[in-house]
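One structure is given here, and the rest of the page talks about it.
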Amino acid sequence: MKKSIVYKLFIITAAFLLAFFILTMNFQSVFFEEFYKSRKMKNLKISVERFNDIYSNNNLSNSQLYIVMRQFEENNNAKIVVLGSNGVAKYLGDSKMDSDSSKINTLNKILNGWVDSPDRLAKIIRQRKTIVGKYYNTDFDINNIICISPSVDRNNSDVIVAVSSLQPIQEASDTIRAFYIYIFAGGVVMIIILALIYSNMLSKPLIKLNKSAENMLKMDFSVKCDVNSKDEIGNLANTLNILSDKLDNALNELRQQNEQLEADIEKERKMESMRKEFVAGVSHELKTPISLISGYAEGLMDNVVDEESRSFYIDVIMDEAQKMGNLVHDMLDLSQLESGSFNFNPRNFYINSLISECVHKHKELLKERCIDIETISDNIEVYGDETRIEQVITNFLTNAIRNTPDSGTIKITVFDKDNDNVQIQVENDGEHIEQKEMENIWDKFYKIDKSRTRNTGGTGLGLSITKNILLAHKSTFGVKNIENGVMFYFTLRKAI
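Going by the working numbering, the sequence shown opens with residue 766, and the numbers climb by one from there.
Now the structure itself:
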């Protein structure tokens, strides 16, 4: 079973605090009484030695000395007496002011013992050392601390004796232990609460770090680790966020490179397909005129025709050669446009003048087909390659003438589309173009009417050339069906 870090931190913290609490209780039970006695004896010794310094080094009057002795007794809860070298008390604190008869009783017993044993007192005076010990008073069933300190003045043989009772602390210790039970119960609750808070404080940022790492594993770099602490965990979170950003950027770059590679491969595939289609289309388009030229040339070589037929044969050969020349010219033109190697020479020119020139060039054909042409154009100046735009208008106009029935109408309109662009429209009467055909008509060698004869059809490259010219001009262009026929349109930028 997997245990969370919250659980582990809680157990470790709670166990540590509980162990510390239990050890504290045991330490108090075992060592508190001895610590109390040792501290009591040490403090009494220090106080007696301080009093000894005052007594030995200051010429105090009796009243001043009694004041100092009473202060000593009050501060240390002790009884003090100054003995002469013979063991007789020279100065004694006012016993009437002391209600602790046990101290007086103990002191009297000690003094009586030293009076009976003057050698013991003389030995203490010679050693010049403060002695601290314990004395059990059987009359009052209580332990006392005895402190004996010879005068620090070597010319003075007095001895200072102080006695202080050791209060029975066993009962107090038992009471403290009983009180510790309640403290222990409250401590356990507090420890649990603190352990939970502590473990959550530590585990919360770690859980956030883990979630961020899991998101990174799922390649989701949008979620950042929101840990703002100024410590090692905060530094780790910041490092993880930086790593996430760098991985995201690296993967995005790699993704873009892959997409570009796929696009390049697809482009190469399309170019290869276009190359094959182009070769197939060119082969198909050249096959018929070559066959015609070859057949009629053989007839001329064999001299099997009369003079009138010879002239017809020559006209056919010349016509087919012209068509082949036009096809080759269009193929070269389209190749340059698609490769971007053609010369693009934009300048300002008047579009209405260019349209008039194109219409004039087709005047005889329009008259022959009885096609009425209407031009609606203001004197608008545009910006572009005039030669290439003439090619576009010629292709649209030729296409319109080819698809307009005899006695039909062609309408050319020029107007401002917006503040920056002009739109040119070429409308012709005739059949509609099916929706599925509208995108294909811009492809090379594509013909909507597959039954169209070579005499009435073009090379199949005109609209493809037109598309590339307009793309180079960044023009908007297209075709759509209108009420009585079809409309081709394109835009040009206004003059700069």
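By construction, the Cβ of each residue, glycine as well, lies at the ideal position given by its N, Cα and C atoms.
For residue i, the residue or residues it bridges with in DSSP
i: D1137; result: T1174
i: R1112; result: G1149
i: A843; result: S929
i: E1192; result: K1176, M1252
i: V1187; result: D1181, L1257
Backbone secondary structure at residue i - three-state DSSP
i: N1246; result: strand
i: S850; result: coil
i: G898; result: strand
i: K861; result: Note that K861 has pLDDT 49, beneath the 50 cutoff, so the model's placement of it is unreliable and the number below is only indicative. Three-state DSSP puts K861 in a helix.
i: L825; result: coil
i: S794; result: helix
i: V1044; result: helix
i: V924; result: strand
i: C912; result: strand
i: Y856; result: strand
i: R1258; result: strand
i: D1084; result: helix
i: I907; result: strand
i: M1203; result: coil
i: H1094; result: helix
i: C990; result: coil
i: E820; result: As written in the sequence, residue 820 is Tyr, which differs from the Glu given in the question. Helix, per DSSP.
i: L1226; result: coil
i: I1011; result: The question names Ile, but residue 1011 is Lys in the sequence shown. Helix at K1011.
i: D985; result: coil
i: Y1277; result: Outside the displayed span of the chain (766 to 1261) sits residue 1277, for which this structure offers no information.
i: K1239; result: coil
i: K995; result: coil
i: S1142; result: coil
i: T1318; result: The requested residue 1318 is not part of the displayed model; the chain covers only 766 to 1261.
i: N1068; result: coil
i: R893; result: coil
i: I1198; result: coil
i: H1127; result: coil
CA-to-CA distance, residue j to residue i, given in whole angstroms
i: N1108; j: E1202; result: 31 Å
i: T1218; j: L1065; result: Low local confidence applies: a pLDDT of 46 at T1218 is under 50, so the model's placement there is unreliable, with the coordinate-based value given in what follows. So the two alpha carbons sit approximately 25 Å from each other.
i: T1256; j: S1074; result: 50 Å
i: E1248; j: N1193; result: 10 Å
i: T1231; j: S1076; result: 37 Å
i: A1260; j: S987; result: 48 Å
i: K1209; j: K1035; result: 13 Å
i: S916; j: M806; result: 19 Å
i: D1071; j: I1055; result: 23 Å
i: A943; j: F816; result: 40 Å
i: V1081; j: S1059; result: 11 Å
i: F1114; j: L1008; result: 58 Å
i: D1137; j: T1152; result: 26 Å
i: M995; j: L967; result: The amino acid occupying residue 995 in the given sequence is Lys; Met does not appear at that position. K995 and L967: Cα-Cα distance of roughly 13 Å.
i: A854; j: L848; result: 4 Å
i: K1132; j: D1171; result: 10 Å
i: S803; j: I972; result: 53 Å
i: I777; j: F786; result: 14 Å
i: R1040; j: E1033; result: 10 Å
i: T1221; j: A1015; result: With a pLDDT of 48 at T1221, under the threshold of 50, the predicted position of this residue should be treated as unreliable, though the coordinate-derived value follows. Taking the straight line from one Cα to the other gives about 58 Å.
i: V833; j: R891; result: 26 Å
i: L1162; j: T1140; result: 12 Å
i: S864; j: N908; result: Model confidence at S864 stands at a pLDDT of 47, short of 50, so the residue's coordinates are unreliable; what they give is reported in the following sentence. C-alpha separation (whole angstroms): 17 Å.
i: R1134; j: H1125; result: 15 Å
i: R1020; j: D1013; result: 10 Å
i: Q829; j: I948; result: 49 Å
7 Å CB neighbourhood of residue i in its chain, flanking five on each side removed
i: N1110; result: D1150
i: E814; result: T895, S914
i: F775; result: A960, L961, S964
i: K1245; result: M1252
Own chain residues within Cβ distance below 6 Å of residue i, not counting five before or after
i: D1160; result: Per the sequence shown, the amino acid found at residue 1160 is Asn instead of Asp. Once the five neighbours on either side are set aside, the close Cβ partners of N1160 are G1227, T1231.
i: I1206; result: L1228
i: Y945; result: M790
i: F837; result: F816, I845
i: R1167; result: none
i: V1191; result: F1161, A1165, I1177, F1253
Own chain residues within Cβ distance below 8 Å of residue i, not counting five before or after
i: L974; result: C990, V992, I998, L1001, A1002, L1005
i: L1102; result: I1230, N1233, I1234, A1237
i: D818; result: V917
i: S1142; result: I1116, N1117, I1120, I1177, T1178, V1179
Below-8 Å beta-carbon distance, residue i vs any chain D residue
i: L1236; result: This model lacks chain D altogether; it includes just one protein chain.
Checklist entry - Can you list the alpha helix (DSSP H) stretches of 4 or more residues lying completely in the stretch 956 to 985, in chain order? => result none
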